[in-house]
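The structure under discussion appears below in the form of structure tokens.
In the UniProt record's numbering, the protein residues as written are 1 to 110.
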């Protein structure tokens, strides 16, 4: 009985690792292909007010891909990523994907 429960848990775990939908794969792979074109980043500058008074705050984020550093073609990164995640070829080329395919996060400007 215990072996059956363990086998069932393993099967359920493996079932959740199956391929994703083509649309989800294209959305997830867009960022990988975009990073193969070049680094992306963000700079934040502002002020914070608190019990100690007002003080300047800021931040810097830089995203860099090994695909960019090794010179991989963004179109190839796009195709292989979508196929690996969904098991299907993309419905369009990377160059024809609208930039708004990614949901924008609050405070993100790219």
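Note that the Cβ used here is the ideal one computed from N, Cα and C, for glycine as well.
Since the structure is predicted, the reported quantities are computational estimates derived from the model, not experimental observations.
query, result
"Where the beta strand (DSSP E) through residue 61 begins and ends", "53-63"
"Beta strand (DSSP E) segment containing residue 43, residue limits", "40-50"
"Assigned exposure category for residue 65 - 16 Cβ within 10 Å defines buried", "buried"
"Cβ contact (3+ pairs, closer than 8 Å) linking the stretch 49-56 and the stretch 76-96", "no"
"Range covered by the alpha helix (DSSP H) that runs through residue 82", "74-86"
"C-alpha gap between residue 45 and residue 59, whole angstroms", "7 Å"
"Option nearest residue 78 by Cα separation, candidates 35, 41, 57", "35"
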